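When you line the sequence shown up against our numbering, it's residues 8 to 262, in that order.
Just so you know, even glycine gets a beta-carbon here, dropped at the ideal spot from N, CA and C.
Since the model is a prediction, treat every value here as computed from it, not as a measurement.
Structure record follows, encoded as structure tokens.
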Amino acid sequence: MDLLVLYGGAFGEKVLGNLINYEGFCTSCDPLCAYCKHGKYSYAQNIIGAIRLKDPATLPRFIDDPENYLPEKLPSAELVIATDLHPDLLLELPSKLNDGVKGMIVPIEDSHEVSGGLRNQIRDVCKEVGMESSFPKPFCSLDSNEGIIKRFIDDFKIGKPLVKIETRKGVIKSVTVKRSAPCGSTWFVARKLIGIELDKQKIREVVSEAHHSYPCTASMDRDKEVGDTILHKAGYLIRAAVEEELGDRISKNGK
Numbered sequence: 008m009d010l011l012v013l014y015g016g017a018f019g020e021k022v023l024g025n026l027i028n029y030e031g032f033c034t035s036c037d038p039l040c041a042y043c044k045h046g047k048y049s050y051a052q053n054i055i056g057a058i059r060l061k062d063p064a065t066l067p068r069f070i071d072d073p074e075n076y077l078p079e080k081l082p083s084a085e086l087v088i089a090t091d092l093h094p095d096l097l098l099e100l101p102s103k104l105n106d107g108v109k110g111m112i113v114p115i116e117d118s119h120e121v122s123g124g125l126r127n128q129i130r131d132v133c134k135e136v137g138m139e140s141s142f143p144k145p146f147c148s149l150d151s152n153e154g155i156i157k158r159f160i161d162d163f164k165i166g167k168p169l170v171k172i173e174t175r176k177g178v179i180k181s182v183t184v185k186r187s188a189p190c191g192s193t194w195f196v197a198r199k200l201i202g203i204e205l206d207k208q209k210i211r212e213v214v215s216e217a218h219h220s221y222p223c224t225a226s227m228d229r230d231k232e233v234g235d236t237i238l239h240k241a242g243y244l245i246r247a248a249v250e251e252e253l254g255d256r257i258s259k260n261g262k
């Protein structure tokens, strides 16, 4: 699958770094980094374009001619990820994409960047041009059972975290990342869980500390739709992935 990434800030760079998986991308274990994920995958060959646009903070609040801030011609890709972009550019984008684009993902890490009204407008425009769309809040909540977005999740193995955990004598022996949060934090959490006893409270503490230390880039402002901060929701998602995988191994061996 060919992927085009349009971004305007640090979060887009982090997603790209995780997809490319270049050496030194994840430095969270520094200076004791064992390069646990380096060389295991890279989707660099699938990314046909990574275009950094202007940071929304440097642009006017309202843009009358958003097409002037977008490339005149965008590369043709099956799927587009658009993040950290000015609302007016996001709304203009679907009509600027080539006919070959089958879907667009607009991650919402901060509700101030993409409001509910803007999301609905973009979704309507995508429908008009025959394009799938998804607005995961946060990006690590991305999930789909059909279409091009499901294929993206399956091919790139990112979205809602999924892990495989092996235990022995009440201790976590290994954690395999089957599907990572788009920022790559799932790999860091997985490494920190190795050697931890099957104590529910202890596991929750390790997951929470690792998730915050990575660090998660989602907003700490309370979101009305989420009913909490988007960062906290991201933390709950990786915690749920770990606890669901361990299942009754915690209740049998943990406290």
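Straight-line gap, residue i to residue j (C-alpha atoms, nearest Å)
{"i": "residue 87", "j": "residue 16", "result": "16 Å"}
{"i": "residue 61", "j": "residue 69", "result": "14 Å"}
{"i": "residue 184", "j": "residue 194", "result": "6 Å"}
{"i": "residue 250", "j": "residue 203", "result": "13 Å"}
{"i": "residue 237", "j": "residue 176", "result": "36 Å"}
{"i": "residue 110", "j": "residue 52", "result": "19 Å"}
{"i": "residue 230", "j": "residue 224", "result": "15 Å"}
{"i": "residue 180", "j": "residue 171", "result": "11 Å"}
{"i": "residue 99", "j": "residue 126", "result": "12 Å"}
{"i": "residue 81", "j": "residue 106", "result": "11 Å"}
{"i": "residue 151", "j": "residue 42", "result": "31 Å"}
{"i": "residue 248", "j": "residue 188", "result": "11 Å"}
{"i": "residue 35", "j": "residue 239", "result": "20 Å"}
Proximity of residue i and residue j at Cβ, strictly below 9 Å
{"i": "residue 241", "j": "residue 118", "result": "no"}
{"i": "residue 167", "j": "residue 198", "result": "no"}
{"i": "residue 245", "j": "residue 207", "result": "no"}
{"i": "residue 79", "j": "residue 101", "result": "no"}
{"i": "residue 29", "j": "residue 89", "result": "no"}
{"i": "residue 226", "j": "residue 153", "result": "no"}
{"i": "residue 26", "j": "residue 165", "result": "yes"}
{"i": "residue 11", "j": "residue 159", "result": "no"}
{"i": "residue 218", "j": "residue 196", "result": "yes"}
{"i": "residue 129", "j": "residue 97", "result": "yes"}
{"i": "residue 190", "j": "residue 142", "result": "no"}
{"i": "residue 216", "j": "residue 123", "result": "no"}
Start and end residues, beta strand (DSSP E) containing residue i
{"i": "residue 140", "result": "139-141"}
{"i": "residue 110", "result": "110-112"}
Buried or exposed by the 16-neighbour rule on C-beta atoms within 10 Å, applied to residue i
{"i": "residue 192", "result": "buried"}
{"i": "residue 209", "result": "exposed"}
{"i": "residue 57", "result": "buried"}
{"i": "residue 47", "result": "exposed"}
{"i": "residue 112", "result": "buried"}
{"i": "residue 55", "result": "exposed"}
{"i": "residue 234", "result": "exposed"}
{"i": "residue 64", "result": "exposed"}
{"i": "residue 19", "result": "buried"}
{"i": "residue 67", "result": "exposed"}
{"i": "residue 139", "result": "buried"}
{"i": "residue 178", "result": "exposed"}
{"i": "residue 277", "result": "Nothing in the structure corresponds to residue 277, since the chain is present only between 8 and 262."}
Identified DSSP bridge partners for residue i
{"i": "residue 173", "result": "181"}
{"i": "residue 12", "result": "57, 88"}
{"i": "residue 230", "result": "235"}
{"i": "residue 68", "result": "The partner list for residue 68 (beta bridge, DSSP) is empty, contrary to what the question assumes."}
{"i": "residue 120", "result": "Paired residues: none, contrary to the question."}
{"i": "residue 187", "result": "165"}
{"i": "residue 204", "result": "178"}
Contact test: residue i Cβ vs the ligand SAM heavy atom, cutoff 8 Å
{"i": "residue 188", "result": "Absence of the ligand SAM from the depicted structure is noted, as is the absence of any ligand whatsoever, leaving it without description."}
Residue i: first and last residue of the uninterrupted alpha helix (DSSP H) it sits in
{"i": "residue 126", "result": "123-135"}
{"i": "residue 158", "result": "154-163"}
{"i": "residue 239", "result": "237-253"}
{"i": "residue 104", "result": "Element bounds for residue 104: n/a, residue is neither H nor E."}
{"i": "residue 193", "result": "192-200"}
{"i": "residue 17", "result": "17-27"}
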